[in-house]
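Numbered per our numbering, the sequence shown spans residues 11 to 325.
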Amino acid sequence: MIDHSVRSRARGTLLGLACGDALGRPVEFRTSAGIESEHGRVTEMLGHGTHDRPPGTITDDTEMALCIARSLVERGGFDGADVARRFVGWYESGPFDIGLMTADSLAQVREGVAWTDAGRKAWEGRTEGSNAGNGSVMRCAPYALAYLDRPGVLAEVSRASSEITHADPRCTAGCALLNEVVRRLVCGESDPDSVVGDALTLVDGSGAVPDELWTRVAGLPEETDTETLGYSGYVLATLESGLYHGLSADSFEEAVVEAVNHGDDADTVGAVTGAVAGARFGLDAVPERWRDELAERGELRRLADELLELAPAED
Ligand SMILES: [Mg+2]
11 MIDHSVRSRA RGTLLGLACG DALGRPVEFR TSAGIESEHG RVTEMLGHGT HDRPPGTITD
71 DTEMALCIAR SLVERGGFDG ADVARRFVGW YESGPFDIGL MTADSLAQVR EGVAWTDAGR
131 KAWEGRTEGS NAGNGSVMRC APYALAYLDR PGVLAEVSRA SSEITHADPR CTAGCALLNE
191 VVRRLVCGES DPDSVVGDAL TLVDGSGAVP DELWTRVAGL PEETDTETLG YSGYVLATLE
251 SGLYHGLSAD SFEEAVVEAV NHGDDADTVG AVTGAVAGAR FGLDAVPERW RDELAERGEL
311 RRLADELLEL APAED
């Protein structure tokens with residue numbers, strides 16, 4: 011039997027990711043000053059705005075997390091070829107929001123390049139400054155639920171899944187780190203000040219963690235200069251702000267509202283913050299008025315439950 015509070019935190023992870031994504035979507039690419047002058051403070055699901063969509067519309071962050079979660083449930087665990095195939099299916103549907111590295115890599119898979127090589131090829135074709143986006147950390151949380159009792163496998167699978175589109179070591183280690191944080195929170199680790207340090211130590215034991223990742227996240231959330239937090243599409247900026255807001259706020263709502271109102275890559279910083287805060291506070295802390303706006307809420311909840319069923323494997 012899965013503990014009720016674990017189930018609530020697992021559901022909170024996926025619904026939290028989706029709510030952060032949808033709350034941030036209308037103000038993606040905006041400045042915090044621009045958001046303030048137009049909206050005051052964004053606390054409700056807004057319509058129109060960036061990408062001009064109805065309130066509660068999810069973007070690539072949640073769409074790709076759904077591809078991963080559905081694949082895990084249907085395949086009974088990580089199947090990279092199947093995840094890549096689902097990503098390509100989504101790519102071919104003509105999404106209104108897709109990252110450059112994701113589009114490059116999925117175009118390669120579509121042309122017949124193996125899923126294990128496509129992300130690396132796309133990465134090799136890019137220069138520093140455009141080679142380490144947040145497109146894999148935004149979507150990776152479902153793995154933490156499926157591998158809740160297997161941290162070693164979780165780190166490995168998180169890295170491999172990132173490589174489908176984001177092969178940079180900052181992205182692969184970033185996914186392993188974020189998922190280990192989410193895993194610990196869903197399992198019930200209650201001290202937000204030690205979770206990042208403990209997760210870093212574990213992830214470092216399973217493969218290299220780039221120095222810059224250590225430097226930027228090791229002291230989170232306590233020893234953080236909030237003036238220097240980044241909110242761009244750079245993977246380490248998104249990770250540090252997502253972890254900071256997710257772990258420092260007193261409630262789910264406060265975490266996501268704080269994150270999204272900085273603008274910039276608001277949907278993805280919102281998604282990462284929402285996954286962390288949802289894993290920390292559980293489903294009941296995710297405001298019902300936000301969840302009710304999500305067309306995908308029933309499926310996300312069901313997938314969270316089904317992912318947990320995969321978790322308690324003998325290993
Ligand atoms: Mg997005």
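Just so it is clear, CB atoms sit at the ideal spot from N, CA and C, and this is done for glycine as well. All values reported here derive from a predicted model rather than from experimental measurement.
Buried or exposed by the 16-neighbour rule on C-beta atoms within 10 Å, applied to residue i
i: G252; result: buried
i: A305; result: exposed
i: E250; result: buried
i: D13; result: exposed
i: M11; result: exposed
i: F291; result: buried
i: E54; result: exposed
i: E303; result: buried
i: A265; result: buried
i: G184; result: buried
i: E134; result: exposed
i: G284; result: buried
i: T41; result: exposed
i: S330; result: Since the first and last residues shown for the chain are 11 and 325, residue 330 lies out of range.
i: D31; result: buried
i: A132; result: buried
i: T278; result: buried
i: H327; result: Limits of the chain in this structure are 11 at one end and 325 at the other, which puts residue 327 out of reach.
i: P202; result: buried
Residue i beta carbon near ligand 1 (any heavy atom closer than 6 Å)
i: T283; result: no
i: D277; result: yes
i: T234; result: no
i: D62; result: no
i: D71; result: yes
i: D107; result: yes
Endpoints, the alpha helix (DSSP H) within which residue i is located
i: A265; result: F262 to V270
i: Y153; result: P152 to A156
i: G30; result: H14 to G34
i: A305; result: First-last for A305: undefined, no H or E at that position.
i: T283; result: A276 to F291
i: E134; result: W125 to E134
i: Y254; result: V245 to S258
i: R169; result: P161 to E173
i: R299; result: E298 to R301
Sequence-distant residues of the same chain with beta carbon closer than 7 Å to residue i, five excluded per side
i: D107; result: H61, T69 and D70
i: L164; result: Y153, A154, Y157, N189, E190 and R193
i: E263; result: P297
Residues near residue i by beta carbon distance below 8 Å, same chain, minus five either side
i: R120; result: V98, Y101 and E102
i: L246; result: A142, R180, G184, E222, L223, R226, V227 and G240
i: D325; result: With a pLDDT of 44 at D325, under the threshold of 50, the modelled position of this residue cannot be trusted, and the question is left open.
i: V196; result: V16, R19, A20, T23, A154, L155, L158 and A289
Residues near residue i by beta carbon distance below 6 Å, same chain, minus five either side
i: A276; result: G34, V37, E38 and V270
i: R169; result: T182 and A186
i: T112; result: G145 and T175
i: S140; result: none
Cβ-heavy atom distance, residue i to ligand 2, below 6 Å
i: V119; result: Ligands in the displayed structure: ligand 1; ligand 2 is not one of them.
Item checked: Uninterrupted alpha helix (DSSP H) stretches inside the segment 187-234 (no shorter than 4 residues) -> Counting only runs of 4 or more, we get 205-215 and 221-227.
(message) Which complete alpha helix (DSSP H) runs does the segment 36-117 hold, if anything under 4 residues is left out?
(response) Positions of the alpha helix (DSSP H) runs, each at least 4 residues long and wholly inside the segment 36-117, are given as 42-49, 70-85 and 90-102 in order along the chain.
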